[in-house]
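Report on one structure; see the data block that follows.
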Amino acid sequence: MRSQDGKRLHTTATPRTRALLVGAEVASARSPWTAKDSLAELTMLAETAGLEVVGSLFQRLDQPFPKFFIGPGKVKEVAALCEQHAAGLVVFDDELSPGQTRNLEQELQIGVLDRTALILDIFAQHARTHEGRLQVELAQYQYLLPRLRRQWTHLERQAGTGGGTSAGGVVGLRGPGETQLEIDRRLIDRRIAWLKDQLADVHRHRELYRKRRRQSQVPVVALVGYTNAGKSTLLNALSGADVYAADQLFATLDPTTRQLTLPGGQTILMTDTVGFIQKLPTQLIAAFRATLEEINEADILLHVVDLTHPNAQEHAQTVEQTLAELGVDKRPTLTVLNKIDRMEGVGPDDVAQVVADMGLPSDVVAVSAQRGWGLEPLASRIEQALGEAMVALDVLIPYQRNDLVSLWHRRGVIEQEEYAGDGTHILGRIPRDLAAQFGPYRSARSTK
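Structure below.
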């Protein structure tokens with residue numbers, strides 16, 4: 056996706072497009088990130104997308120300007136720098152409104168992207184599965200729809216594939232006095248509807264798989280964390296699998312699940328998920344339904360943090376905040392401090408001491424996924440956490456609360472289930488964070 060000029064939907068940059076980056080430190084936003092750190096991250100995003108960064112600048116603001124986001128004087132400075140560096144693109148470190156993007160492009164006479172559009176382009180480059188590509192395309196179109204303002208002739212070609220109307224049928228859509236923009240909107244609406252139908256089919260197939268997985272009663276552990284924290288490398292190290300892992304932002308977009316055996320012999324499933332990043336709209340993460348479903352289904356989460364990153368604390372806060380916004384922050388969580396091999400003077404025998412020296416709680420484990428350091432203690436801690444995450448209950452659930460029976464089937468382990476005259480009797484284990492919902496129906500045999 057380029058700018059709103061709509062050259063092509065699925066790609067931002069021709070090889071080595073020269074880009075100028077623009078950031079703002081907005082007082083009202085109260086972000087823990089400095090503009091300098093955020094621009095450094097934007098530089099990595101731009102380079103991941105294939106851009107050549109030729110410069111950057113930022114402005115301190117009490118609040119964004121309605122017309123350009125930044126002040127008019129700063130816009131003139133941006134224009135001068137673009138001319139000086141022969142930049143063909145300006146990338147903003149914040150989400151711009153459609154009007155702000157349009158005003159900036161008219162003023163600067165070159166393409167303008169915001170952070171969300173840039174990340175969507177990276178998603179498009181890195182999506183490797185059919186579902187991932189569908190999700191990215193849907194997110195792109197949903198981002199694009201309010202930004203339409205001129206003819207998009209390529210949409211007629213796009214509509215000829217994958218459930219849309221053929222190019223020859225576009226004329227039949229045209230009503231009296233209907234503009235090209237209205238036709239484009241209708242084409243995009245139709246494409247969005249088709250993509251949603253395709254994703255619904257994928258979801259149904261995945262739900263059947265999950266149902267079989269729940270019936271097997273194998274615990275699920277989900278890896279979450281900031282992008283490039285090392286989640287895929289950790290999954291490979293623990294499972295012996297060969298999941299794609301790279302030292303770049305958003306290398307993983309599609310959930311990947313692998314089976315592994317813990318020290319006590321317990322078999323578990325571990326799932327890698329898409330990484331989070333600051334200033335990413337929640338609805339964009341929400342578009343990756345598979346990741347959210349895996350987090351929702353997990354018995355425990357492993358929050359992987361790149362300990363050596365200068366913004367490690369901000370990364371951790373961003374992940375925790377995003378999980379809370381998505382309503383999946385109540386899962387039992389172990390924090391895994393990764394990449395300790397990059398710490399000066401730290402060797403494989405110093406792993407436990409790293410955590411002790413930091414005065415961190417027992418739910419924090421230090422590892423080097425790349426070197427294999429600290430993996431056995433981590434596996435033991437996962438085993439312990441899984442035991443602590445479940446509570447044994449013996450309940451009689453009235454038939455009018457069959458929603459609780461369904462919840463137990465989704466999240467719990469059923470050892471015995473019987474249908475009595477006054478309800479469903481279940482004996483088994485349920486995640487501790489859900490136990491309170493079953494409190495009114497507990498029998499005397501339930502344990503704490």
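According to our numbering, the residues represented by the sequence shown are 56 to 503, in order.
Virtual Cβ for every residue (Gly too), placed ideally from N, Cα, C.
Quantities reported herein were computed from a predicted structural model and do not represent experimental measurements.
Would you kindly check if the distance between the Cβ of residue j and the Cβ of residue i is under 7 Å?
i    : j    : result
I395 : L357 : no
N104 : L173 : According to the sequence as given, residue 104 is Ala; it is not Asn. Yes, Cβ-Cβ distance for A104 and L173 is below 7 Å.
R42  : A353 : This structure cannot speak to residue 42, because the chain is shown only from 56 to 503.
V2   : A371 : Absent from the model: residue 2. The displayed extent of the chain is 56 to 503, so no value can be given.
K122 : N158 : yes
G414 : V422 : no
L136 : S111 : no
V72  : L106 : A small fix is needed here, since residue 72 is Thr in this sequence, not Val. Yes, the Cβ-Cβ distance between T72 and L106 is below 7 Å.
L203 : D239 : yes
R484 : A440 : no
D256 : S287 : no
A79  : Q118 : no
K334 : R170 : yes
T322 : V273 : yes
I332 : T282 : yes
E438 : L317 : yes
A292 : A424 : yes
D418 : L389 : yes
L504 : V275 : Residue 504 lies beyond the residue range present for the chain, which begins at 56 and ends at 503; the question has no answer from this structure.
P486 : R466 : yes
L151 : F124 : yes
Quick one: what's residue i bridged to in DSSP?
i    : result
W428 : S423
Y281 : F331
D361 : N393
D449 : L482
S111 : L76
F124 : F120
E472 : I481
V275 : L324
V81  : L116
What does a CB cutoff of less than 6 Å around residue i pick up in its chain, not counting 5 residues either side in sequence?
i    : result
I350 : A277, V383
G232 : Residue placement at G232 is poorly supported in this model, since its pLDDT is 48, which falls under 50; the coordinates are not used for a value here.
E472 : I481
N366 : D92
G219 : Only weak support exists for where G219 lies, its pLDDT of 41 falling under 50; the value from the coordinates is given anyway. So the list reads R245, R246, once near-sequence residues are dropped.
H209 : The pLDDT assigned to H209 is 42, lower than 50, so where the model puts this residue is not dependable, and the model offers no usable value.
V409 : I395, A421
V191 : F178, A179, A182
Y454 : G478
In terms of residue numbering, what span does the alpha helix (DSSP H) encompassing residue i cover?
i    : result
T377 : 367-380
S498 : No alpha helix (DSSP H) holds S498; DSSP gives it neither H nor E.
Q408 : 406-413
D458 : 457-466
Leaving aside the five residues before and after residue i along the sequence, list all residues of the same chain whose C-beta is less than 7 Å from its C-beta, in chain order.
i    : result
I452 : L459, V460, G478, T479, I481, Y496
I247 : L193, Y196, Q197
G217 : For G217, the predicted model reports a pLDDT of 47, less than 50, meaning its position is unreliable and no value from the coordinates is stated.
V108 : A74, L76, T98, A101, E102
P87  : E369, Q372
I469 : W463, I481, G483
Q492 : L459
Check for me: the beta strand (DSSP E) holding residue i runs from which residue to which?
i    : result
T288 : That residue, T288, is in no beta strand (DSSP E); its alpha helix (DSSP H) goes 286-294.
S93  : Run containing S93: none in the beta strand (DSSP E); it sits in the alpha helix (DSSP H), 90-103.
Q321 : Element bounds for Q321: n/a, residue is neither H nor E.
Apart from the five residues on each side of it in sequence, which residues of its chain come closer than 8 Å, Cβ to Cβ, to residue i?
i    : result
T69  : Residue confidence is low: T69 scores 49 on pLDDT, short of 50, so the model does not pin down where it sits. No coordinate-derived value is stated.
A411 : none
Looking at chain C, is there any beta carbon in it that lies within less than 7 Å of the beta carbon of residue i?
i   : result
R71 : As a matter of chain content, chain C is missing from the structure shown, which is built from one protein chain.
Item to check | Unbroken stretches of the alpha helix (DSSP H), 4 residues or longer, contained in the segment 128-187 | outcome: 153-163, 170-181
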